[in-house]
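Written below as C-alpha coordinates is the structure these notes are about.
Residue numbers (the numbering used here): 18 to 81.
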(Lines of atoms letter the chains of each structure in order from A; the text may use other names.)
(Lines give C-alpha, C1' and ligand atoms only; values in the text may rest on other atoms or scores of the structure.)
Protein backbone atom coordinates (compact mmCIF):
# COMPACT_ATOMS: atom_id res chain seq x y z
CA UNK A 18 0.00 0.00 0.00
CA UNK A 19 2.84 2.37 0.85
CA UNK A 20 4.45 1.58 -2.53
CA UNK A 21 1.38 2.91 -4.38
CA UNK A 22 1.52 6.11 -2.33
CA UNK A 23 5.17 6.64 -3.22
CA UNK A 24 4.46 6.06 -6.92
CA UNK A 25 1.57 8.55 -6.78
CA UNK A 26 3.75 11.13 -5.04
CA UNK A 27 6.52 10.74 -7.62
CA UNK A 28 3.98 11.10 -10.45
CA UNK A 29 2.51 14.27 -8.92
CA UNK A 30 5.96 15.79 -8.38
CA UNK A 31 6.90 14.96 -11.97
CA UNK A 32 3.79 16.68 -13.31
CA UNK A 33 4.49 19.77 -11.22
CA UNK A 34 8.20 20.11 -11.98
CA UNK A 35 8.54 18.66 -15.48
CA UNK A 36 10.06 20.93 -18.12
CA UNK A 37 7.39 22.81 -20.01
CA UNK A 38 6.94 22.11 -23.68
CA UNK A 39 6.82 24.93 -26.20
CA UNK A 40 3.80 27.14 -25.68
CA UNK A 41 2.55 30.38 -27.16
CA UNK A 42 4.98 30.16 -30.06
CA UNK A 43 8.12 30.00 -27.96
CA UNK A 44 10.38 27.06 -27.61
CA UNK A 45 13.06 26.02 -25.21
CA UNK A 46 15.48 26.89 -27.99
CA UNK A 47 14.41 30.56 -27.68
CA UNK A 48 15.42 30.55 -24.04
CA UNK A 49 18.95 29.42 -24.92
CA UNK A 50 19.54 31.66 -27.94
CA UNK A 51 20.92 35.12 -27.63
CA UNK A 52 18.53 38.01 -28.33
CA UNK A 53 20.00 38.82 -31.75
CA UNK A 54 19.44 35.26 -32.98
CA UNK A 55 15.84 35.39 -31.79
CA UNK A 56 15.38 38.72 -33.56
CA UNK A 57 16.84 37.33 -36.80
CA UNK A 58 14.56 34.30 -36.60
CA UNK A 59 11.48 36.47 -36.05
CA UNK A 60 12.40 38.61 -39.06
CA UNK A 61 13.04 35.55 -41.24
CA UNK A 62 9.67 34.09 -40.26
CA UNK A 63 7.92 37.35 -41.15
CA UNK A 64 6.84 38.09 -37.59
CA UNK A 65 8.32 41.60 -37.73
CA UNK A 66 8.91 44.12 -40.52
CA UNK A 67 12.30 45.24 -41.79
CA UNK A 68 11.86 48.57 -40.01
CA UNK A 69 11.08 46.83 -36.72
CA UNK A 70 14.05 44.50 -37.21
CA UNK A 71 16.57 47.32 -37.64
CA UNK A 72 15.09 49.36 -34.80
CA UNK A 73 15.24 46.41 -32.40
CA UNK A 74 18.72 45.48 -33.61
CA UNK A 75 19.95 49.01 -32.79
CA UNK A 76 18.36 48.81 -29.33
CA UNK A 77 20.12 45.51 -28.67
CA UNK A 78 23.46 46.96 -29.81
CA UNK A 79 23.08 49.84 -27.35
CA UNK A 80 22.57 47.41 -24.45
CA UNK A 81 25.97 45.80 -24.96
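Just so you know, even glycine gets a beta-carbon here, dropped at the ideal spot from N, CA and C.
A distance below 8 Å between beta-carbons, with the five flanking residues on each side excluded, links residue 53 to the following residues of its chain, in chain order: 74, 77.
Residue 31 has its alpha-carbon roughly 44 Å from the corresponding atom of residue 68. Counting of Cβ neighbours within 10 angstroms places residue 26 among the exposed residues, the total staying below 16.
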